[in-house]
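Residue numbers (this note's numbering), protein chains in the order written: chain A, 1 to 170; chain B, 1 to 204.
As structure tokens, then:
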């Protein structure tokens, strides 16, 4: 705690109270989490994202583009969670019975089919498609989020839409 | 905007847009458990209007009249003085809320909640600690408080420290008045000072 105070004083930027970030961005962050991992796991990702943000917040050097910063955390957390899951051995009980083959799509009732397909895109494309088409995010902000150039951000949107268009046309 | 992008937007509108109601409470609890919630605050009702009450894990750091200053301004100052890791977490302020309620109902003459003095510097902290020792229903002058803080000649500086008291009511700067008998100023306005002194039976 005393360390935090010292850091907060010395960093030179005046960071707004964290609650104001939560108020301003929680709806967008939540929707982004849903887009990344689906409604079933969005709550966990949402919590992980904000806890990680809170942990890093006092060391932040600048307080602009907070949405891109938060989305980047969510994106990285989603990738971590995915890696952890794929490393985990599958418990024996969950091996499907031969006659009950699980559906290919994992769409939840509240989730439209199209978004289930967005979630099958590679992570960067998934984020790019959501941010661009739903939030109308600028390429400047999207590049910041993806930690890439604006050209690369553009390509991610384009590639993602191209894949979806093929499926959509089917 | 082509057909696919339009369809994506339409489809996105039917995705859940808000986290479930208890998510924020769970977030604050988890932040506290993991040691990353430095300041929790709540807005508490009182006969003097809504109060913003804030505490660190060590104790109270702020009580503010929400009508005298905007809530944003109050919280920004807390972020700058204590830590920017500030979250609304009413359940973490049950004790201050209870003690304030009891005080305003006339059932409490002494606050027992812990106070976090660590963000207050030098003379200001001395003056406010001295003020915290003034009993319910008693008055001191600015000069007496300055003396008690170890600097009898620093009356004006003591007045400034009291004027900047971040924990009015709990650190009872309303019990400090002018030497000549004048009531003196108050952060929340003189009418609030008079209300508190009437509550304590000092003013008729």
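Heads up, the beta-carbon is just placed ideally off N, CA and C, and yes, glycines get one too.
query                                                                                                              : result
Alpha helix (DSSP H) segments (min. 4 residues) lying fully within the stretch 103-144 of chain B                  : 122-132
Chain A contact residues for residue 79/B, given Cβ-Cβ distances below 7 Å                                         : 15, 16 and 17
For residue 65/B: DSSP bridge partner residues                                                                     : 51/B
Whole-number beta carbon distance between residue 44/B and residue 53/B, since they are thought to touch under 8 Å : 5 Å
Residues in the stretch 33-54 of chain B having any Cβ partner in chain A nearer than 9 Å                          : 34, 35, 36, 37, 38, 39 and 41
CB of residue 115/A within 8 Å of CB of residue 68/B, strictly                                                     : no
Partner residues on chain B for residue 114/A, Cβ-Cβ distance less than 7 Å                                        : 7, 8 and 11
Within chain A, the residues that residue 60/B reaches when beta carbons sit closer than 9 Å                       : The contacting residues do not exist; residue 60/B stays about 14 Å from chain A at best.
Straight-line Cα distance separating residue 159/B from residue 210/B                                              : The question about residue 210/B has no answer here: the residues shown for chain B are numbered 1 through 204.
Opening and closing residue of the beta strand (DSSP E) in which residue 41/B lies                                 : 39-44
Short CB-CB distance (under 8 Å) between residue 83/B and chain A                                                  : yes
Exposure of residue 188/B, with buried meaning 16 or more beta-carbon neighbours within 10 Å                       : buried
Residue-level contact to chain A via CB, residue 17/B, 8 Å cutoff                                                  : yes
Burial state of residue 19/A (16 or more Cβ within 10 Å)                                                           : buried
Buried or exposed by the 16-neighbour rule on C-beta atoms within 10 Å, applied to residue 105/A                   : Its pLDDT being 44, under 50, residue 105/A is placed unreliably in this model, and the value from its coordinates should be taken loosely. When all chains shown are included, residue 105/A counts as exposed.
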